[in-house]
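In the working numbering, the protein residues as written are 6 to 218.
Below: one structure, written as C-alpha cells.
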Ligand code: AMP
C-alpha cells in the first residue's frame, strides 16, 4: 500500500463490515467519530458493509461515506426492511430471511470487521466474528474502534478472562483496539493473518501453567 500524490491509497478495495449503534441518543462525539470513519473508508477506496439502518450511528456512517463518494452496502432482515428501517440511498441492499442469515451474509461479504460503540446488537455481532476467528473459521481483521474509551470495561473483562484462563493470552491478538478511524484502517490495510494456536488448553498446560490458581 502507498499514498499517491493525490492522497489516495493504492491497494485493492476491500469490503469493510462496520457494526455500530442504531441509537440516535448518544453523545455528539460518537457521531463525529463515526462520520470520520465513513469518510476515511471512502477516501481509501474501500466499501462499507453494514446493517442498512438509516438511524443512529448507522445512518451517520452511511451518509458520511456516501458524501465522500464511497459505496455503502446494506444487509437487513426482511422484518426490519418491512418496518421501513433501511436507508433508501444505499448503493445496494441485501434483504435476508432472518437475523441469522443477515449476520452470515455480512460475514461472507466482509474482508474485515470494525465494531464501533453500540449496544447489544453491536456487541453480539463483533463477538460472533471474534469467536469464529478463535475457532479458525476465518482469519479476517477485527477491530474495536474505542471512541471515548467506550470499550475499556469490555477490554478489562477480556483481560480478566485471560488472567483466569478462560481465554488464552495469545487470543488478545484476535482483535485490535484502535484509538481513531485512521489507526483502525491502517491496521486493516496492513493486516496479515497469523496462526494463534489451538483454542483449548492441553492436559499438560492444565498441570503446569494453569494448575493451582
Ligand atoms: P445496537 O448496537 O443494539 O443498536 O444494534 C445495532 C446492530 O443491530 C446493528 O449493527 C444492526 O445490525 C442491528 N440493528 C439494530 N437496529 C437496527 C435498525 N433500526 N436497522 C437496521 N439494523 C439494526
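Positions of the beta carbon are idealized from the N, C-alpha and C atoms, including for glycine.
Between which two residues does the alpha helix (DSSP H) carrying residue 62 extend? The residue given as residue 62 occupies position 57 in the chain shown. Unbroken alpha helix (DSSP H) run through residue 62: 61-72.
Would you call the CB atoms of residue 172 and residue 23 closer than 7 Å? The residue given as residue 172 occupies position 167 in the chain shown. The residue given as residue 23 occupies position 18 in the chain shown. No.
Candidates 66, 110, 82: closest to residue 94 by CA position: Taking the first residue of the chain shown as 1, we reach residue 94 at position 89. Answer by Cα proximity: 66.
Alpha-carbon spacing of residue 199 relative to residue 73, whole angstroms: Along the chain shown, read from residue 1 onward, the residue named residue 199 stands at position 194. Along the chain shown, read from residue 1 onward, the residue named residue 73 stands at position 68. Each residue's Cα considered, the two are about 33 Å apart.
Which residues DSSP lists as bridging residue 33, in chain order: Translated into positions along the chain shown, residue 33 becomes position 28. DSSP lists no partner for residue 33.
Give the range of the alpha helix (DSSP H) segment to which residue 192 is assigned. Looking up residue 192 in the chain shown gives position 187. From DSSP, the alpha helix (DSSP H) with residue 192 extends over 186-195.
Selection from 53, 201, 83 that minimises the alpha carbon distance to residue 75: In the chain shown, the residue the question calls residue 75 occupies position 70. It is 53 whose Cα lies nearest to the Cα of residue 75.
Going by CA-CA distance only, name the one from 153, 146, 32, 164 that's closest to residue 189. Within the chain shown, the letter at position 184 stands for residue 189. Taking only the C-alpha atoms, the option nearest residue 189 is 146.
If residue 123 and residue 201 are in contact, beta carbons under 8 Å, what's the gap, nearest whole angstrom? As a working note, residue 123 is residue 118 in the chain shown. As a working note, residue 201 is residue 196 in the chain shown. About 26 Å separates the two Cβ atoms, so there is no contact after all.
List, from N- to C-terminal side, the beta strand (DSSP E) runs of 3 residues or more that fit wholly inside the region 133-194. 146-150, 181-183
Given the structure, does residue 30 come close to the ligand AMP, in the sense that its CB is under 6 Å from one of the ligand's heavy atoms? In the chain shown, residue 30 corresponds to position 25, counting from 1. It does not: the Cβ of residue 30 is nowhere closer than 6 Å to a heavy atom of the ligand AMP.
Is the region 102-122 touching the region 150-157, taking contact as three or more C-beta pairs under 8 Å? yes
Taking the alpha carbon of residue 96 as the point to measure from, which residue in 110, 80, 88, 102 has its own alpha carbon closest? Stepping through the chain shown from its first residue, residue 96 is reached at position 91. Cα-wise, what sits closest to residue 96 is 80.
Strand pairing of residue 81, partner residues [DSSP]: For the purposes of this step, residue 81 is taken as the residue at position 76 of the chain shown. DSSP, once it has assigned bridges, lists 100 as partnering residue 81.
Quick check: is any heavy atom of the ligand AMP less than 6 Å from the C-beta of residue 26? Indexing the chain shown from 1 puts residue 26 at position 21. Yes - the ligand AMP has a heavy atom lying nearer than 6 Å to the Cβ of residue 26.
What are the boundary residues of the beta strand (DSSP E) that residue 24 is part of? Your numbering for residue 24 matches position 19 in the chain shown. Taken as a continuous stretch (DSSP letters only), the beta strand (DSSP E) holding residue 24 covers 20-24.
For the putative contact between residue 43 and residue 69, defined by C-beta atoms under 8 Å, what is the C-beta separation to the nearest angstrom? The count along the chain shown starts at 1 and reaches residue 43 at position 38. The count along the chain shown starts at 1 and reaches residue 69 at position 64. About 3 Å; that satisfies the 8 Å criterion.
Is residue 152 near the ligand AMP, going by C-beta to nearest heavy atom under 6 Å? Indexing the chain shown from 1 puts residue 152 at position 147. Answer for residue 152: no, Cβ out of range of the ligand AMP.
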